[in-house]
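Asker:
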Amino acid sequence: MVEPLVTLGAQLLRTGTFQLQNEPVIVGLKLLEALARNFKADAYGQKIFVTVAHQIENGAAGEIVNLYTRGVILLADVLWTPLGQEAIFDRGMKYLSAEFSENYVSSERPHVAHGPVLLGAALTLRPGVKGLSSIT
Numbered sequence: 008m009v010e011p012l013v014t015l016g017a018q019l020l021r022t023g024t025f026q027l028q029n030e031p032v033i034v035g036l037k038l039l040e041a042l043a044r045n046f047k048a049d050a051y052g053q054k055i056f057v058t059v060a061h062q063i064e065n066g067a068a069g070e071i072v073n074l075y076t077r078g079v080i081l082l083a084d085v086l087w088t089p090l091g092q093e094a095i096f097d098r099g100m101k102y103l104s105a106e107f108s109e110n111y112v113s114s115e116r117p118h119v120a121h122g123p124v125l126l127g128a129a130l131t132l133r134p135g136v137k138g139l140s141s142i143t
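The numbering used here applies: residue 8 is where the sequence shown begins, and numbers increase by one.
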């Protein structure tokens, strides 16, 4: 059995102006702080998971257990599953890519707008947001 592994302070997102999926995205400090605040408030209504290469059908590579900002960086504490550990250490998937909504609206009535909410993240070889530290 693989021992549980936790990464503290994995860099997930930073401030800047990016071209992501052919769309301009501006990430400011207020957005990062709102993502962290809404994570703590459980705005999404379930645990937040990390996948491998944004492929949710392959299962969870990890669970984000804490989300916070430090300066202009959004950081995550991640509890890795065996799938995640294999992806990081055997396949070199050393970067995180955030999946978020700038104005998440709950799917259940009454529909509530929560503002910026982290939906998930993915381990990847080539993140859209460059300049973040790799997972070691």
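Beta carbons are placed, not taken as given, at the ideal position from N, Cα and C, and that holds for glycine.
#1: Helix, strand or coil for glutamate 70 per DSSP?
#2: Give the straight-line distance between the Cα atoms of tyrosine 111 and tyrosine 51, rounded to the nearest whole angstrom.
#3: What three-state label does DSSP hand glycine 138 in the structure shown?
#4: Within the same chain, show all residues whose beta-carbon is closer than 6 Å to that of leucine 125, passing over the 5 residues directly before and after it, in chain order.
#5: Distance, Cα to Cα, glycine 127 vs isoleucine 33?
#6: Hey, how far is the Cα of proline 11 from the Cα of leucine 90?
#7: Excluding the five sequence neighbours on either side, which residues of its own chain have a C-beta within less than 8 Å of the C-beta of proline 66, listed in chain order?
#8: Mind checking whether alanine 60 and leucine 139 have CB atoms under 8 Å apart?
Answerer: Per the coordinate set shown:
#1: Counting from 1 along the sequence shown, the entry for residue 70 is found at position 63. Look at glutamate 70 here: in three-state DSSP terms it is strand.
#2: Taking the sequence shown and counting its residues from 1, one reaches residue 111 at position 104. Taking the sequence shown and counting its residues from 1, one reaches residue 51 at position 44. One alpha carbon belongs to tyrosine 111, the other to tyrosine 51, and they sit about 8 Å apart.
#3: By 1-based counting over the sequence shown, the position of residue 138 is 131. The answer is coil: DSSP assigns glycine 138 none of H, G, I, E or B.
#4: Mapped onto the sequence shown, residue 125 falls at position 118. Excluding its 5 nearest sequence neighbours in each direction, leucine 125 has C-beta neighbours in its own chain below 6 Å: Leu42, Phe46, Ile55, Phe107, listed in chain order.
#5: Numbered from its first residue, the sequence shown carries residue 127 at position 120. Numbered from its first residue, the sequence shown carries residue 33 at position 26. If I take the Cα positions, the gap works out to 19 Å.
#6: For this step, residue 11 is matched to residue 4 along the sequence shown. For this step, residue 90 is matched to residue 83 along the sequence shown. Straight-line Cα distance between these residues: approximately 11 Å.
#7: As a working note, residue 66 is residue 59 in the sequence shown. It is glycine, not proline, that sits at residue 66 in the sequence shown. Taken in chain order, the residues that qualify are Thr58, Thr88, Leu90.
#8: By one-based count along the sequence shown, residue 60 stands at place 53. By one-based count along the sequence shown, residue 139 stands at place 132. Going by C-beta atoms, alanine 60 is not nearer than 8 Å to leucine 139.
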